[in-house]
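In this note's numbering, the protein residues as written are 289 to 635.
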């Protein structure tokens with residue numbers, strides 16, 4: 289990953305007029321890699337002082353978009369402004385407003401953790417005293433104080449990742465890109481990263497987060513954008529996107545799990561085409577459109593003589609929303625298994 293320099297101050301008078309209150313504005317961005325269209329007319333807006341989570345399966349175009357917005361690659365068509373700066377016409381000014389942590393940690397292995405952060409601070413034009421203070425502060429926040437004087441070459445993978453995250457935040461960037469920042473981190477460290485992101489947003493930073501951890505998106509994001517095959521296929525808040533897949537899910541546990549395929553087939557024949565089942569969990573699941581559908585499902589199953597051991601309703605998880613919208617599992621697919629969505633096609 290390329291480390292992008294950021295700085296706490298812009299050059300005044302050079303920013304373009306964009307909609308008030310927007311930190312990122314993307315319109316019709318297209319990017320090809322040979323015959324592959326990685327981005328196919330992407331539109332995206334991120335309000336200042338918010339976190340926008342960019343979700344999508346592997347290969348959807350998330351990282352390509354982040355690289356365009358970081359000026360690491362040029363788009364083939366479309367426009368994009370970050371902090372009021374044009375990604376094509378004002379790349380130098382734009383880079384001084386952003387921070388970036390890519391999917392893989394990028395640190396100088398021959399420097400200590402403290403020296404890595406101090407060097408980045410000085411490159412960002414921080415005065416020596418402030419660079420020292422900021423490096424010490426972030427080392428403590430990311431539980432690296434004890435290893436501060438050790439060279440990064442001796443760090444574990446998780447420690448390097450934390451150091452990389454700290455480096456992207458040292459200049460207090462106005463816009464911070466986090467590309468799957470907590471992949472491979474233990475739960476405690478992940479919570480530390482979340483706390484630091486929330487602290488930066490409270491101080492006025494804007495964050496564009498790509499992730500496949502649904503818990504992370506729910507914890508941090510104000511708004512979500514789902515991208516697949518280079519196109520935006522859904523936008524909205526967590527509650528809004530959950531409402532798109534039916535709001536609630538009816539879960540039926542049969543007394544005889546072997547009857548699950550026949551129960552699902554029976555519901556399909558009676559117009560309940562959304563019924564799916566999970567043999568592993570022993571559950572039949574039906575997204576509820578309204579209360580009448582609940583009565584219909586129970587009536588059909590009871591009328592056919594199926595013995596039911598239990599009935600429950602639940603609000604869909606964000607994993608289920610993702611699966612319903614894209615038709616593809618996320619990195620948290622294991623959590624989806626407990627929810628009872630599509631696991632096996634009904635013959």
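Cβ coordinates follow ideal geometry from the N, Cα and C atoms, glycine included. Note that the structure is a prediction, hence the values are computed from the model and not measured.
Contact check for residue 597 against residue 462 fails: the beta carbons are separated by 8 Å or more.
Judged by beta-carbon spacing, residue 410 lies within the 8 Å limit of residue 416, meaning their Cβ atoms are closer than that value.
In the DSSP annotation of this structure, the continuous segment of the alpha helix (DSSP H) that includes residue 404 starts and ends at 401-411.
In the DSSP assignment, residue 586 falls within the unbroken alpha helix (DSSP H) covering 579-591. In this structure, 396 is the residue among 488, 315, 526, 396 with its C-alpha nearest to the C-alpha of residue 451. Annotation: the continuous beta strand (DSSP E) that includes residue 321 extends over 310-321. Residue 359 holds the alpha-carbon nearest to the alpha-carbon of residue 381 among 398, 359, 393. The bridge partners DSSP lists for residue 575 are 537.
Sorting 403, 313, 481 by C-alpha distance to the C-alpha of residue 467 places 481 at the top. In this structure, residue 613 sits away from residue 342, with a CB-CB distance that is not shorter than 8 Å.
Here DSSP, grouped into helix, strand and coil, assigns residue 442 to helix. Residue environment for residue 607: buried (at least 16 other C-beta atoms within 10 angstroms of its C-beta). The alpha-carbon of residue 446 is positioned some 13 Å away from that of residue 479. In the structure shown, residue 356 falls within a helical segment according to DSSP collapsed to helix, strand and coil. Under the Cβ criterion (8 Å, minimum of three pairs), the region 583-598 does not count as touching the region 491-508. Contact annotation: residue 496 and residue 354 have beta-carbon atoms nearer than 8 Å. Taking the Cα positions, residue 565 is about 16 Å away from residue 536. Apart from the 5 residues on each side of it in sequence, residue 374 sits with its Cβ closer than 8 Å to the Cβ of 304, 367, 368, 382 in its chain, given in chain order. Relative to the Cα of residue 501, the nearest Cα in the group 469, 485, 477, 356 belongs to 469. Under the three-state reduction of DSSP output, residue 602 falls in the strand class. Between the alpha carbons of residue 425 and residue 407 lies a distance of about 15 Å. Taking C-beta atoms under 8 Å as the contact rule, residue 602 and residue 539 qualify, at a distance of about 6 Å. The distance from the Cβ of residue 458 to that of residue 423 is about 7 Å, consistent with a contact at the 8 Å cut-off.
Counting every other CB atom within 10 Å of its CB across the protein chains shown gives residue 476 a total below 16, marking it as exposed. Going by C-alpha positions, residue 361 is about 18 Å away from residue 332. The residue among 338, 465, 321, 520 with its C-alpha nearest the C-alpha of residue 309 is 338. With respect to the C-alpha of residue 592, the residue from 554, 577, 570 having the closest C-alpha is 554.
Within the region 335-394, the complete beta strand (DSSP E) segments at least 3 residues long are 339-343, 365-370, 386-389, listed from N- to C-terminus. The continuous stretches of alpha helix (DSSP H) do not include residue 558, and DSSP gives it neither H nor E. If you compare the alpha carbons of 472, 322, 372, 365 with that of residue 391, the shortest gap goes to 472.
The three-state secondary structure of residue 519, taken from DSSP, is strand. Ranked by how close their Cα comes to the Cα of residue 487, the residues 372, 429, 527 have 429 in first place. Separation of the CB atoms of residue 511 and residue 524 is rounded to 7 Å, and the pair is thereby assigned contact status at 8 Å. Non-local beta-carbon contacts of residue 352 in its own chain, meaning distances under 6 Å to residues more than five positions away in sequence, involve 319, 326, 327 in chain order. In its chain, beyond the 5 residues on either side, 389, 430, 469, 481 have a beta carbon closer than 7 Å to the beta carbon of residue 453.
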